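Numbering (our numbering), first residue to last: 622 to 856.
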């Protein structure tokens, strides 16, 4: 029997709460306990927050702090197999169909016919629409591109795993919250959802509650503040 080979101990990486998370996340099997799920390739931590500093006691948002060993674990789902077909369904229905561990609402692909649609590595539609673009690359990096600077050939050359058309990008290139946000839809308090990026393999989903007796929602500028305070470099 050959002698066991030495292995390099994983270096702990701090998550957005400051706790150390090391890979592999869980040595044997998987574990679901309360607000945390861990497996050898995935770690998701759930938390609920009330923002009392930025705006009001009625600002309630939910966070899934996500670590993956492979970016292909961040997937998109649709009502139909063909993402370009459009259509709408509740997030829970699509999440159950895809056997997702955690899910949030998506982008504009079901609303418009001229958007860029790259889903799970497949380009279903190669058009640049009227919105900003969020790219999740196979390298694990994530970036947002303003509509005015979007170039289809340059985007395809980056080999994106996902490309979402949304609006707008929340953070400037230096990580500060975007201030130049206009239109009533952006400045009104509404339920919001977004994806945040820390570094390759580390992301977060954030959903702001709203339009209820317990929560007002948030403006897009307030959502930008939330993502900046969590330490995201892109959102």
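Just so it is clear, CB atoms sit at the ideal spot from N, CA and C, and this is done for glycine as well. Treat the numbers as computed from the prediction; the structure is a model and nothing was measured.
Asked	Found
Residue nearest to residue 707 in terms of C-alpha spacing, selected from 809, 726, 732	732
Given residue 780 as reference, the closest of 710, 764, 789 once Cα atoms are compared	764
7 Å CB neighbourhood of residue 704 in its chain, flanking five on each side removed	730, 738, 740, 745
According to DSSP, residues forming a beta bridge with residue 798	792
C-beta contact flag for residue 689 and residue 822 at 7 Å	yes
Nearest neighbour of residue 724, chosen from 687, 776, 766, 750 [CA to CA]	687
For residue 761 and residue 692, believed in contact at Cβ under 8 Å, the rounded distance	5 Å
Backbone CA spacing between residue 841 and residue 847 [nearest angstrom]	10 Å
Residues sharing a beta bridge with residue 774, DSSP	BP columns for residue 774 are empty, so no partner.
Burial state of residue 839, where buried means 16 or more other Cβ atoms lie within 10 Å	buried
For residue 811 and residue 802, believed in contact at Cβ under 8 Å, the rounded distance	Wrong, their Cβ atoms sit about 13 Å apart, outside the cutoff.
Alpha-carbon to alpha-carbon, residue 797 and residue 698	31 Å
Sub-7 Å separation of residue 856 and residue 817 beta-carbons	yes
Host beta strand (DSSP E) of residue 902 (start-end)	The chain is shown only over 622 to 856; residue 902 falls outside these bounds and no answer can be derived.
Inter-residue spacing [alpha-carbon to alpha-carbon] between residue 771 and residue 743	19 Å
Boundaries of the alpha helix (DSSP H) in which residue 850 is found, first to last residue	841-850
Counterpart residues of residue 751 in DSSP-defined beta bridges	In DSSP, residue 751 forms no bridge with anything.
DSSP-derived helix/strand/coil call for residue 647	Note that residue 647 has pLDDT 45, beneath the 50 cutoff, so the model's placement of it is unreliable and no number is given.
Helix, strand or coil at residue 722 [DSSP, three-state]	coil
Cβ neighbours of residue 630 in the same chain (closer than 7 Å, five flanking residues each side left out)	Because the pLDDT at residue 630 is just 35, under 50, the model does not fix this residue reliably, and the value given afterwards should be weighed accordingly. Excluding residues within five positions, none has a Cβ falling inside 7 Å.
Contained alpha helix (DSSP H) runs [length at least 4] in the stretch 668-721, N- to C-terminal order	712-719
Residues sharing a beta bridge with residue 666, DSSP	657, 686
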